[in-house]
Amino acid sequence: MKARVEMWPEIVRTALLGTERQSIAIPEHNSPLADLLRRLDGSDREGALLGAAASVTLYRRVGWLPPTDARPLPPACDDDDQPECHPHAAQHLGRLLRGQRGGILPEWLGALGAAGRRIPAEQLPDLLELGRTHTDLRPLLVPVLGRRGAWLAARNPDWEYAAPLDEGTWQTGSRSARLALLRRLRAIEPDKARTLLAATWSQEPYDQLAEFVAALQVGLSMADEPLLENALDDRHKDVRLAAAGLLAQLADSRLVQRIWERARSLLRVKTGRKPAIELRLPDACDSALARDGVEARPRAGTGEKAWWLLQMLAVVPPARWCALSRLSPAQLIAAAQPGEWHALLVEAWTLAAERHRDIAWSEALLRHAAYLASQNATVFLSPLIETLPANLPPSRLESVVGDLLRLQRDLNADDRFVLPLLCRCRQPWSAGFSRTVLDRLRRHTRLRNSQVSWTVQQALSTLGLYMAPAVAEEAAAGWPAADDEQWPLWHESVEALLETLNFRNEMWQALAL
Amino acid sequence: MSLNWTAGQVLALAPDERVARAGAELAQPRKWLRLERHAGVIWGLCQGSGASPYQTQVELNEPAFHCSCPSHKFPCKHALALCLLTVSQPGAFKEHALPDWVDEWLAHRKRRAEREQQRRDTLHTQSPDPKAQARRASAREKKVAAGVAEMERWLRDLAREGLAALPGRPSSFWELPAQRMVDAQAPGLARLVRELSGAVASDEGWQERVLEHLGRLHLLIVAYRRIGSLPVDTQADVRALIGWTEDQTELLNQSGVRDRWLVLGQRVDEEERLRVQRTWLWAERQARGVLVLHFAHNSQPLDTSLVPGTRIDAEVVYYPSAHPLRALVKAREGSPAGFTGGGYATIGEAIAAYAAALARNPWLEQFPLPLQTVIPLHADGHWHVRDAAGHVLPIGPRFEHPWELLALSAGRPIAVFGEWDGQHLRPLSAWTEGKFVGL
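Those protein sequences? They're chains C and A, same order as listed.
Counted the way my numbering counts, the first sequence spans residues 15 to 527.
Counted the way my numbering counts, the second sequence spans residues 781 to 1219.
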């Protein structure tokens, strides 16, 4: 038996050297294969080698038996409770993954989760891979992976972020794995996550620690305040700054209280028939202030003391000014207008409103932004437009923006305010608001001799992402006719709008199947 | 009449990614002026950039497409869109009598099929000019014989010098003999030479692989020299491998084998200016696999009549061989039905079938392995499938979708179909929980 197996290596050796140097040795034992080989003509060296190669190759191939693996199988995945989405919805996902309309993917994933479905098995690898590089997708992706997706992720180190949560990873995992664990755990059990971090605090390298502290943003609450207050004394600046940034968001924290005490002595509201605001600049940025996160070195273009004041005011919950002065946000903003500090106050209050999610102030500031736009004071509009819309609940935001849209007479004249603002209204729009905006856009495209504003064209293409899918069908009507002389200017953008709306409409319908 | 297709199967008919995307975009009722159906035929009018709308029609049984748009792609985006609409919104099509332009197309197709059948019948009964045929045949035989003799000399030189010298050889060492085989009207030999050169360039264990190829080539040459004394079926294998082609018309005139066939999987290989589509079918009653080949030159369309993941009733004609594998679909009945399971219950059974086939045709290359219950596994950096008995088959390193396979299985047994070449399995599709997925 053994001789048979050794024949092949012998043949290979001979073949490597070549028959010039060596000829094949015909075996002597008895077996059907050896009998066959003995029939080869030994005097024809090449023929014998090639013949032997052909015979033994075929012999090995035909006689090959698959190996056995007796190792225990890895555990199978439990059945999923959530069903997969309908094949039509899977088709939409396929198109989104192939790069068409990638911007709609977050909405699709959210809708999938809301419908209580999960990703089809064969599309899991592509999505897991996408989540590896696009960390912003992960919070939407992980809930719709189902048990199967988590099981799959556990088998590929690249997809650690989606594997089932295992607290042991905190002790043994890589840096990125531990960070991912902390973030995910904060979303479900924030206190437990904080306890984990507190336990290993002193052993963490400082740059990692700063990242971990920043991760406490998820699920931030007053329960985190003691740990963060202690962190203000940490040896490393990055950790201190990260902690200060988080404490500034907690209105009841000691840090905010300390800053508030200072701020009220610097900003005075004079009430009366025409309220006014008096500002005093701080004298110094002492160590206590630095501890509370105020950066001493000013940014370019701002004076030192103004910079410190700005940072302090940006920490104070703006509602406290109203309580103190008994004035509404709008009145306070109006009071800030005359004088050299208008820009600084608006900037500070905007940051503060965002930090503390103050709805009343956000609305008031937005309306103020409209006034600024009309005065062509566009310089500091961008930060307002960027941050404020996300603070307002959808109905409130729609009401404000609706008003502002009505007030804006010529969309061409404004390309810095209303249209960019509309594009930042990223929470799903109501059908009513969508119709209002559509009507306005339609009217604009029907204007004679209207110059083509690139901003309007852009807006047309982009807004299809946010309008209510329910208006998809009626959106097709009302545009200039195909033979209208204005039509070529708008054709492409309107088509883009309708395509996007229709796609979203179909995808929502498919997810409801 | 309903169609058991999925949107995925429709999109797989697209000639390229752009057409697939365009077709998906067009699959909305608002883009069509008319959408109607009658007795297995659907049609519609789509407004394009031209003056009058394009007329698109699809006969669902085949499927066969026709569109008046100027695109050279086949099926065009309009035809694809119509098919996608039948899947996603069948209610959008209104039952209607056939309009003239659809009727004309159907009649035209019918006439063409009849003419084709007539042509085959006359060719069959007519005796072609025997002298001219005999002259051509004998001229080719002479050329091939000379080519084979030359191949034999080249092979023997190689054996004499030894394999160790091969990696250093320039590409002309391989290209010149290959080209000469093409000139000798033995394209199969040219392919074998090129495969041989590919094996030299490969990684660890190349010496053994090269020797295996050499052995096969030698066996072919020896067989050719003695071809008269071989059984008829083996003669067919030898001639096919050297590069003789069978006359398809002749074949189609023979009576074939009727069965219910699962369309297991499909892949397309792109060579220089030729695309080769390999479609595997599995006969339910006879429990054997069959390969249907289609070719397309340059930008010609490929055949779309066999859709993986469906089941068809058909009569199939085999090419002659000691182990018949390649076949042609002669006739079909009814419309495609939904997929069901089928294949080998264990890896042992499957490999035994492979061994038996290889013993009959020693030059067998790809063998279809539909494995009914295997678990895909990832261990030691390699992928393989394992059956309940613990037997294991390795999956080829160039397989691009092992994670999809693992996701479908989730650690449990599924049905996998792949091509087996004696060393690696190349999965082409999987079937589990009522879902068919092409890989």
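Don't be surprised by glycine CBs; every beta carbon is placed ideally from N, CA and C.
Every value quoted in this text rests on a predicted model; they were computed, and no experiment measured them.
If I measure Cβ to Cβ from residue i and keep anything under 7 Å in the same chain, skipping five residues before and after, which residues do I get?
i           : result
Pro-790(A)  : Contrary to the premise, residue 790(A) reads as Val rather than Pro in this sequence. Closer than 7 Å at the Cβ level, and outside the excluded window around Val-790(A), lie Leu-860, Cys-863, Leu-864, Val-867.
Leu-479(C)  : Gly-117, Ile-118, Thr-514
Gln-1203(A) : none
Asn-244(C)  : none
Ala-29(C)   : Leu-63, Ala-67
Take residue i and list the residues in its own chain whose beta-carbon comes closer than 6 Å to its own, dropping the five residues that flank it on each side.
i           : result
Met-781(A)  : Confidence in Met-781(A) is poor, its pLDDT being 34 and thus under 50, which makes the residue's placement too unreliable to answer from.
Pro-1116(A) : Thr-1090, Ile-1092
Arg-1065(A) : Asp-1039
Ala-966(A)  : Val-924, Gly-927, Ile-1022, Gly-1023
Leu-31(C)   : none
Gly-65(C)   : Leu-54
If distances are taken between C-alpha atoms only, which option among the options comes closest to residue i?
i           : options                                            : result
Val-1096(A) : Leu-1073(A), Ile-1155(A), Leu-1032(A), Gly-1128(A) : Leu-1032(A)
Pro-1100(A) : Trp-1062(A), Glu-1113(A), Val-1056(A), Val-1018(A) : Val-1018(A)
Arg-457(C)  : Ala-491(C), Cys-439(C), Pro-434(C), Ala-484(C)     : Ala-491(C)
Leu-976(A)  : Trp-881(A), His-998(A), Ala-964(A), Gln-965(A)     : His-998(A)
Gln-897(A)  : Asp-883(A), Leu-946(A), Glu-1030(A)                : Glu-1030(A)
Asp-880(A)  : Trp-823(A), Ala-1076(A), Arg-892(A)                : Trp-823(A)
Pro-1182(A) : Ala-1169(A), His-1103(A), Leu-1205(A)              : Leu-1205(A)
Leu-994(A)  : Gly-1122(A), Leu-943(A), Arg-891(A)                : Leu-943(A)
Leu-293(C)  : Ala-304(C), Leu-303(C), Ala-277(C), Thr-285(C)     : Ala-277(C)
Val-466(C)  : Leu-406(C), Ala-349(C), Leu-503(C)                 : Leu-503(C)
Ala-473(C)  : Glu-509(C), Val-485(C), Ala-495(C)                 : Glu-509(C)
Asp-453(C)  : Val-415(C), Arg-430(C), Arg-423(C), Trp-493(C)     : Trp-493(C)
Ser-301(C)  : Gln-345(C), Asp-247(C), His-102(C), Trp-335(C)     : Asp-247(C)
For residue i, I'd like the list of residues in its chain whose CB is within less than 8 Å of its CB, leaving aside the five on either flank, ordered along the chain.
i           : result
Glu-487(C)  : Asn-519
Leu-886(A)  : Val-821, Glu-839, Leu-878
Pro-1174(A) : His-1162, Trp-1163, His-1164, Gln-1203, His-1204, Leu-1205
Ser-848(A)  : Tyr-834, Gln-835, Thr-836
Gln-137(C)  : Ala-104, Leu-107, Gly-108, Leu-111
For residue i, which residues in chain C fall below 7 Å Cβ to Cβ?
i          : result
Ser-868(A) : His-102
Arg-940(A) : Gly-32, Thr-33, Glu-34, Glu-60
Leu-935(A) : Leu-64
Leu-815(A) : Going along chain C, no residue has its Cβ under 7 Å from Leu-815(A), so there is no contact; the nearest lies around 16 Å.
Ala-804(A) : Arg-109
Per the DSSP calculation, residue i is bridged to which residue(s)?
i           : result
Pro-1182(A) : According to DSSP, which records beta bridges pairwise, Pro-1182(A) is partnered with nothing at all.
Tyr-1220(A) : Because chain A spans 781 through 1219 in this model, residue 1220(A) falls outside it and cannot be assessed.
Leu-365(C)  : None; Leu-365(C) has no bridge partner.
Cys-847(A)  : Thr-836(A)
Thr-82(C)   : His-1171(A)
Val-1056(A) : Asp-1049(A), Phe-1075(A)
Pro-1207(A) : Gly-1198(A)
Arg-112(C)  : According to DSSP, which records beta bridges pairwise, Arg-112(C) is partnered with nothing at all.
Thr-1212(A) : Lys-1215(A)
Gly-824(A)  : Leu-815(A), Thr-836(A)
Determine the chain A residues that contact residue i at a beta-carbon separation under 9 Å, and present them in chain order.
i         : result
Asp-83(C) : Leu-1157, Ala-1159, His-1164, Arg-1166, Gly-1170, His-1171, Val-1172
Gln-96(C) : The contacting residues do not exist; Gln-96(C) stays about 14 Å from chain A at best.
Please list the partners that residue i has in chain C, where partner means a Cβ-to-Cβ separation under 9 Å.
i           : result
Gln-1146(A) : Those within 9 Å of Gln-1146(A) in chain C number zero; the least Cβ separation is about 14 Å.
Glu-1051(A) : Per Cβ cutoff of 9 Å: no residues; Glu-1051(A) is ~26 Å from chain C at best.
Leu-1222(A) : The structure shown has nothing for residue 1222(A), since chain A only spans 781 to 1219.
Gly-1202(A) : Arg-75, Trp-78
Pro-1207(A) : Correct list: empty, because the minimum Cβ distance to chain C is about 12 Å.
Please compile the residues from chain A whose C-beta is within a distance smaller than 7 Å of the C-beta of residue i.
i          : result
Pro-139(C) : Trp-1183, Glu-1184, Ala-1187
Gln-114(C) : Arg-801
What residues from chain C crowd round residue i, counting only those whose CB sits closer than 8 Å?
i          : result
Thr-786(A) : Pro-101
Leu-825(A) : Simply none; closest approach about 17 Å.
Under 7 Å: does the beta carbon of residue i sit that close to some heavy atom of the ligand FMN?
i          : result
Ala-819(A) : No copy of the ligand FMN appears in this structure; indeed no ligand is present at all.
With three or more beta-carbon pairs closer than 8 Å as the criterion, would you say the segment 80-100 of chain C touches the segment 1141-1154 of chain A?
When Cβ pairs closer than 8 Å are counted between the two stretches, the segment 80-100 of chain C is seen not to touch the segment 1141-1154 of chain A, the count staying below three.
If you pair each beta-carbon of the segment 1080-1087 of chain A with each one of the segment 1154-1169 of chain A, do three or more pairs fall below 8 Å?
A contact between stretches requires three or more CB pairs, one per stretch, nearer than 8 Å, and the segment 1080-1087 of chain A fails this requirement with the segment 1154-1169 of chain A.
On the three-pair Cβ rule with 8 Å, is the segment 1011-1027 of chain A touching the segment 1041-1059 of chain A?
Verdict: no, contact absent.
Chain E contacts from the segment 990-1003 of chain A (Cβ-Cβ distance under 7 Å)
Here chain E cannot be found, since the structure's protein chains are C and A.
Does the segment 1114-1131 of chain A come close enough to the segment 72-80 of chain C to have 3 or more Cβ pairs within less than 8 Å?
By the criterion of at least three beta-carbon pairs nearer than 8 Å, the segment 1114-1131 of chain A is in contact with the segment 72-80 of chain C.
Would you call the segment 173-183 of chain C and the segment 221-231 of chain C in contact, with 3 or more CB pairs under 8 Å?
Contact fails between the segment 173-183 of chain C and the segment 221-231 of chain C, because fewer than three Cβ pairs, one in each stretch, are under 8 Å apart.
Do three or more CB pairs link the segment 1204-1219 of chain A to the segment 1184-1191 of chain A at distances below 8 Å?
Touching, yes, given that three or more Cβ pairs across the two stretches are closer than 8 Å.
Counting Cβ pairs, one atom from each stretch, are 3 or more of them under 8 Å apart for the segment 234-252 of chain C and the segment 282-289 of chain C?
Output reads no: the segment 282-289 of chain C does not touch the segment 234-252 of chain C.
Quick one: any contact between the segment 256-269 of chain C and the segment 296-315 of chain C, if contact means 3 or more CB pairs under 8 Å?
Enough Cβ pairs lie closer than 8 Å, so yes.
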